[in-house]
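Data first, discussion second: the structure below is written as structure tokens.
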Amino acid sequence: MVVAIISDTHDNLPHTEKAIKIACEKGCEILFHCGDLISPFMIPLLASFQKDVHFIVGNNRGDIALMCEHLKKYPWVRFHGEHAFLEVGGFKIAMVHYPKMAYSLAKSQDFDYVFCGHTHKFEVQEIGKTLLINPGEILGKEGPPTMVILGLITRSWEKIELG
Numbered sequence: 751m752v753v754a755i756i757s758d759t760h761d762n763l764p765h766t767e768k769a770i771k772i773a774c775e776k777g778c779e780i781l782f783h784c785g786d787l788i789s790p791f792m793i794p795l796l797a798s799f800q801k802d803v804h805f806i807v808g809n810n811r812g813d814i815a816l817m818c819e820h821l822k823k824y825p826w827v828r829f830h831g832e833h834a835f836l837e838v839g840g841f842k843i844a845m846v847h848y849p850k851m852a853y854s855l856a857k858s859q860d861f862d863y864v865f866c867g868h869t870h871k872f873e874v875q876e877i878g879k880t881l882l883i884n885p886g887e888i889l890g891k892e893g894p895p896t897m898v899i900l901g902l903i904t905r906s907w908e909k910i911e912l913g
């Protein structure tokens with residue numbers, strides 16, 4: 751099973767659209783968004799992935815009530831609040847926005863994968879049996895926009911610069 755991981759889109763429509771296109775081209779089955787989506791108008795764009803989408807809030811929350819209203823149209827797009835703890839294909843996945851919390855979750859060894867964002871910097875780190883992934887930012891403010899494509903079974907990952 752192949753998944754896409756993005757974070758910190760900050761309403762950048764063109765970069766988010768490109769990331770979703772790449773996720774589709776790579777055959778990803780799930781899209782994870784690690785926070786700072788911000789505006790409700792981003793929901794239809796996430797939904798254009800047409801497969802399961804999981805997202806959380808970050809420190810830039812936007813209009814959550816309106817976001818939830820938009821979600822009613824797209825049942826495959828799931829909002830988890832501040833964190834998500836999921837089992838996907840037999841793998842335990844945690845998703846939080848803040849790296850400090852992500853490191854703690856990874857050190858617990860309760861998860862196969864932990865995804866985070868917030869720093870706008872790409873990072874992949876193996877902590878015991880847990881792979882910790884920060885895909886960087888889609889915004890493109892601190893550097894080139896990046897995302898990660900991850901094979902859950904193979905534990906292989908690819909950093910993609912959107913350019």
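Letter 55 of the sequence shown, counting from 1, is numbered 805 in our numbering, and no numbers are missing. Don't be surprised by glycine CBs; every beta carbon is placed ideally from N, CA and C.
To the nearest angstrom, how far is the alpha carbon of residue 908 from that of residue 830? Those two C-alpha atoms are separated by around 25 Å.
Spell out the partners DSSP gives residue 896 in its beta bridges. 911, per the DSSP bridge assignment.
Please report the residue range of the alpha helix (DSSP H) in which residue 697 lies. Look at the range of the chain in this structure, 751 to 913, and you will see that residue 697 is not part of it.
Can you tell me which of the three DSSP states residue 855 falls into? Three-state DSSP puts residue 855 in a helix.
Mind reading off the beta-carbon distance from residue 864 to residue 882? Whole number of angstroms is fine, and I expect it under 8 Å. Your pair residue 864 and residue 882 checks out as a contact, with CB atoms roughly 5 Å apart and the cut at 8 Å.
Candidates 815, 787, 800 and 879: closest to residue 868 by CA position: Ranking 815, 787, 800 and 879 by Cα distance to residue 868 puts 787 first.
Going by C-alpha distance, which of 784, 832, 801 and 775 is nearest residue 756? For the set 784, 832, 801 and 775, the Cα lying nearest the Cα of residue 756 is the one of 784.
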